[in-house]
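The opening position of the sequence shown corresponds to residue 521 in our numbering, with each subsequent residue numbered one higher.
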Amino acid sequence: FIASYQFIKLKDNHSLINEENIFSETLQKSLNKIINTKKRAILYLNKKGYAKVILCKNCGFVPKCNKCFLSLHLKDSHLICHICQKIDNAFNFCPKCKGHNFGYFQLGGEFIYKKIKENFPQLKIFRFDLNSAPTYKKQLEIIEKFYASSPAVLIGTSLLFKITPDFYFPVDLTVVLNIDYDLFFPDYNAKEKTYLNLLKLNSLSKKLMIQSFQDFLEPFDFDEELTLRKMMKYPPFYKIVKINLFAKKIDILPRVKMLFNVLSEAVKLCIKKFNLTENDIILQGPIKKISKKNLSYDIIMKFSLNSFKYKNKLLQLIPVKANIDVEPKAIL
521 FIASYQFIKL KDNHSLINEE NIFSETLQKS LNKIINTKKR AILYLNKKGY
571 AKVILCKNCG FVPKCNKCFL SLHLKDSHLI CHICQKIDNA FNFCPKCKGH
621 NFGYFQLGGE FIYKKIKENF PQLKIFRFDL NSAPTYKKQL EIIEKFYASS
671 PAVLIGTSLL FKITPDFYFP VDLTVVLNID YDLFFPDYNA KEKTYLNLLK
721 LNSLSKKLMI QSFQDFLEPF DFDEELTLRK MMKYPPFYKI VKINLFAKKI
771 DILPRVKMLF NVLSEAVKLC IKKFNLTEND IILQGPIKKI SKKNLSYDII
821 MKFSLNSFKY KNKLLQLIPV KANIDVEPKA IL
């Protein structure tokens, strides 16, 4: 539902996928045009450190869990689902190119900043992420400096969408450096969020350019999305509760396992007592997440609309300190 955009396929079919692929010939020409016309461009790159997208470095294929329909991650040479923890050996070889070279595509704002500074020294460069702009005041300050400079580029993450649209004026070019990060993020609503973000980016510029390692950008099909969510027991057909346990230094895995076992037994009793089925309350996890600050685990509970009224009876049984998020915006 995006009226007009330019799609750039990043894979050149001659070498393995790497960071340099991001600077496509089209992107380089576009940045040179920004310099020559003394205009401005916004470069968008979203990345969540604990859930990197894994792909075939030969062709760009992204493997997905055949149970949860979410992208897999790599652990000890195996492809594993974040949600159901299933180890999927079906992807020992890429089904698209028959290659055996799955890996993470590493890319961050620091690399983009460094490369642009090296190759386009005429550009004034601004970074717009939580590291460079941790406060709302600092964010507005960077936006104001960006619009006061030319030629200039703003390298931004999803933090761009936190600022009220009134503070933006249309720029000449907006580039999604790698849409695969958003599109294949292992969460049930990744596709919906991606296309909403594309609409917002499209409104910020006269021209939208989308780069990807895929052959084309699949359109967002509302009916297809609803069918998939119903089949996979995701909202709006099910309600989700996310239970998070975290710690900075100590090993919390024993506590996590104990909590999961307690909830498992409680769910069985609840199903029996209130004449429910196994599909009415579903327990998933634990999902391990690692950040710079701490190690944490998530336990996901899915409730059918009929069983959601019993959630408090189960949550009251949690014997350890935990963060409880009822109907979270995202699973991860």
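We put the CB at the ideal spot given by N, CA and C, even for glycine.
- Message: Buried or exposed for Y564, going by 16 or more other Cβ atoms inside 10 Å?
- Response: Locating residue 564 in the sequence shown gives position 44, counting from the first residue. With 16 or more other Cβ atoms within 10 Å, it is buried.
- Residue span of the beta strand (DSSP E) that contains I760, given as start and end: As a first step, residue 760 is located in the sequence shown; it is residue number 240 there, counting from the start. Where I760 is concerned, the enclosing beta strand (DSSP E) stretches over 758-767.
- Select from S784, L724, E539, K833 the residue whose C-alpha is nearest the C-alpha of G676. As a position in the sequence shown, residue 676 is number 156, starting the count at 1. Ranking S784, L724, E539, K833 by Cα distance to G676 puts L724 first.
- Query: Rounded to a whole number of angstroms, what is the C-alpha to C-alpha distance between K750 and K635?
  - Reply: Reading the sequence shown from its first residue, position 230 is the one you call residue 750. Reading the sequence shown from its first residue, position 115 is the one you call residue 635. Going by the C-alpha atoms only, they are around 44 Å apart.
- Query: the ligand GDP heavy atoms versus the CB of G805: any closer than 6 Å?
  - Reply: Looking at this structure, you won't find the ligand GDP or any other ligand, since it has none at all.
- Message: Please list the terminal residues of the continuous beta strand (DSSP E) segment that includes Q731.
- Response: Translated into the one-based positions of the sequence shown, residue 731 becomes position 211. Residues 728-732.
- At what residues does the alpha helix (DSSP H) containing A786 begin and finish? If you number the sequence shown from 1, residue 786 lands on position 266. From DSSP, the alpha helix (DSSP H) with A786 extends over 773-793.
- Message: Among the candidates K833, V761, L815, whose CA atom is the shortest distance from the CA of F794?
- Response: Indexing the sequence shown from 1 puts residue 794 at position 274. When each option's Cα is compared against that of F794, the closest is K833.
- Message: Restricting to Cα atoms, I'd like to know which of K616, D702, F646 is closest to E630.
- Response: Translated into the one-based positions of the sequence shown, residue 630 becomes position 110. Closest by alpha carbon: F646.
- Could you tell me whether the Cβ atoms of I562 and V696 are closer together than 7 Å? For the purposes of this step, residue 562 is taken as the residue at position 42 of the sequence shown. For the purposes of this step, residue 696 is taken as the residue at position 176 of the sequence shown. Contact: no.
- Message: So that I know if they touch, is there some Cβ in chain D lying closer than 7 Å to that of F742?
- Response: Absent from the structure is chain D; it holds one protein chain and no more.
- Message: Measuring straight from C-alpha to C-alpha, what distance separates P654 and D700?
- Response: For the purposes of this step, residue 654 is taken as residue 134 along the sequence shown, with counting starting at 1. For the purposes of this step, residue 700 is taken as residue 180 along the sequence shown, with counting starting at 1. Taking the straight line from one Cα to the other gives about 25 Å.
- Work out the CA separation of S824 and N612 for me, nearest whole Å. Counting from one through the sequence shown, the residue named residue 612 turns up at place 92. Counting from one through the sequence shown, the residue named residue 824 turns up at place 304. Approximately 35 Å, taken between the alpha carbons.
- Task: Label L783 either buried or exposed according to how many other C-beta atoms from any shown protein chain fall within 10 Å of its C-beta, with 16 as the threshold for buried.
- Result: Counting from one through the sequence shown, the residue named residue 783 turns up at place 263. By the neighbour-count rule (16 or more Cβ atoms within 10 Å), L783 is buried.
- Item | C-alpha distance - A850 paired with P706, whole-angstrom precision | The sequence position of residue 850 within the sequence shown is 330, counting from 1. The sequence position of residue 706 within the sequence shown is 186, counting from 1. Whole-angstrom Cα-Cα distance: 10 Å.
- Item | 8 Å Cβ shell around F689 - same chain, five flanking residues per side excluded | To locate residue 689, count along the sequence shown from 1; it is residue 169. The answer, listed in chain order, is Y667.
- Grab the span of the alpha helix (DSSP H) containing G628 for me, first residue to last. What you label residue 628 is simply residue 108 of the sequence shown in a count that begins at 1. No alpha helix (DSSP H) holds G628; DSSP gives it neither H nor E.
- 6 Å CB neighbourhood of I772 in its chain, flanking five on each side removed: Here residue 772 is taken as the residue at index 252 of the sequence shown, counted from 1. Here the set comprises L765.
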